[in-house]
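Colleague: Dropping the structure in here first, questions after.
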Ligand code: ZN
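Spelled out as structure tokens, the structure:
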């Protein structure tokens with residue numbers, strides 16, 4: 097495969113010290129073609145959300161996804177309703193940005209079973225999907241690594257994600273596959289194939305799992321720095337029919353402390369080595 101940056105997308109959180117306008121300018125100058133915009137970055141922009149989207153496109157950058165919606169589970173029905181209302185606002189923001197997709201971190205609630213949380217998540221997603229469809233914004237369930245099943249995501253595998261998609265069966269609902277979260281799963285190849293067959297693999301996030309991370313949230317590695325076989329997973333993703341942007345999403349206290357221009361060069365270099 098030829099070495100190219102054509103499919104490279106970077107999440108604004110990856111270069112967190114930069115504001116949205118700086119990130120857009122720097123990504124464009126570096127030849128990065130896509131950007132996934134985190135909600136905090138959009139909200140911190142000096143102007144409307146609509147203007148933020150226009151600014152990014154004016155730099156020649158595609159907006160790949162809006163991050164993030166979700167957190168549908170809660171002990172009280174009134175709180176679950178609040179989550180549905182909040183997700184409708186997030187969908188409206190994505191529409192203003194003209195982002196085609198929202199990544200969902202679906203939630204998990206201590207004090208009830210993961211089964212119960214998953215049922216509430218299914219109900220919550222079903223409740224917002226008509227709003228998403230009307231806005232022209234798709235929703236991608238992002239299964240998270242089971243270490244986050246306490247309070248962030250009761251959905252930890254592609255199989256669970258596929259099961260929710262099967263239960264709801266809506267063309268605007270699919271899956272965001274992040275290698276950091278699912279690399280260990282012995283069903284990954286099969287479940288990725290199934291997601292592809294059902295035309296629901298909407299996004300592909302990349303980074304690496306370092307051998308002995310110092311922090312379970314904010315010590316992700318650059319591609320090639322850890323134990324994930326990204327070319328293998330990419331081959332399954334591509335075989336499933338996905339050929340869209342590859343989104344670099346790295347939370348790292350270490351990299352956020354660096355010179356971000358230098359870091360962006362490292363991201364490009366690491367990406368090109370894994371293509
Ligand atoms: Zn991700």
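Numbering (the working numbering), first residue to last: 97 to 371.
Glycine included, every Cβ here is placed at the ideal spot set by N, Cα and C.
Would you check whether the ligand ZN has a heavy atom nearer than 6 angstroms to the C-beta of residue 403?
Modeller: Outside the displayed range of the chain (97 to 371) lies residue 403, so it cannot be described from this structure.
Colleague: Closest by CA to residue 276, which one among 290, 132, 167 and 300?
Modeller: Here the closest residue by C-alpha is 300.
Colleague: Taking the alpha helix (DSSP H) that residue 342 falls in, what are its first and last residues?
Modeller: Unbroken run through residue 342 is the beta strand (DSSP E), 342-344; no alpha helix (DSSP H).
Colleague: According to DSSP, what are the bridge partners of residue 163?
Modeller: DSSP, once it has assigned bridges, lists 134 and 199 as partnering residue 163.
Colleague: I need the boundaries of the alpha helix (DSSP H) containing residue 236, first residue and last residue.
Modeller: Residue 236 -> not in any alpha helix (DSSP H); beta strand (DSSP E) instead, spanning 234-237.
Colleague: Where does residue 291 land, buried or exposed, given buried means 16+ other C-beta within 10 angstroms?
Modeller: So residue 291 ends up on the buried side.
Colleague: To which residues does DSSP link residue 106 through a beta bridge?
Modeller: Paired residues: 131 and 344.
Colleague: Looking at C-alpha atoms only, which residue of 361, 302 and 211 is the closest neighbour of residue 330?
Modeller: With distances taken between Cα atoms, residue 330 lies closest to 302.
Colleague: Between which two residues does the beta strand (DSSP E) holding residue 271 run?
Modeller: Unbroken beta strand (DSSP E) run through residue 271: 269-274.
Colleague: For residue 154, verify whether its CB is less than 6 angstroms away from any heavy atom of the ligand ZN.
Modeller: No, the Cβ of residue 154 stays beyond 6 angstroms of every heavy atom of the ligand ZN.
Colleague: In angstroms with no decimal places, state the Cα-to-Cα distance between residue 255 and residue 261.
Modeller: About 10 angstroms.
Colleague: Does the beta-carbon distance from residue 324 to residue 305 come in below 7 angstroms?
Modeller: Going by C-beta atoms, residue 324 is nearer than 7 angstroms to residue 305.
Colleague: Considering only residues of the same chain and omitting the five flanking positions on each side of residue 270, which have a CB-CB separation below 6 angstroms?
Modeller: Cβ within range, chain order: 236, 296 and 298.
Colleague: Any heavy atom of the ligand ZN closer than 6 angstroms to the Cβ of residue 342?
Modeller: Answer for residue 342: no, Cβ out of range of the ligand ZN.
Colleague: Please check the pair residue 288 and residue 336, which I expect to be a contact at CB under 8 angstroms, by giving their CB distance rounded to whole angstroms.
Modeller: About 5 angstroms; that satisfies the 8 angstroms criterion.
Colleague: For the ligand ZN, is there a heavy atom less than 6 angstroms away from the beta-carbon of residue 281?
Modeller: Flag unset: Cβ of residue 281 not near the ligand ZN.
Colleague: Applying the 10 Å Cβ sphere with the 16-neighbour rule, what's the burial state of residue 234?
Modeller: Buried: at least 16 other Cβ atoms inside 10 Å.
Colleague: Count the other CB atoms within 10 Å of the CB of residue 252; is the residue buried (16 or more) or exposed (fewer)?
Modeller: Buried: at least 16 other Cβ atoms inside 10 Å.
Colleague: Nearest-angstrom Cα distance between residue 194 and residue 154?
Modeller: In a straight line, the C-alpha of residue 194 is about 13 angstroms away from that of residue 154.
Colleague: Would the beta-carbon of residue 274 be found less than 6 angstroms away from any heavy atom of the ligand ZN?
Modeller: Because some heavy atom of the ligand ZN lies under 6 angstroms away, the Cβ of residue 274 counts as near it: yes.
Colleague: Could you spell out where the alpha helix (DSSP H) holding residue 228 opens and where it closes?
Modeller: Note, residue 228: alpha helix (DSSP H), 210-231.
Colleague: Any heavy atom of the ligand ZN closer than 6 angstroms to the CB of residue 345?
Modeller: Because some heavy atom of the ligand ZN lies under 6 angstroms away, the Cβ of residue 345 counts as near it: yes.
Colleague: Put residue 156 into one of helix, strand or coil per three-state DSSP.
Modeller: Here residue 156 sits in coil by DSSP.
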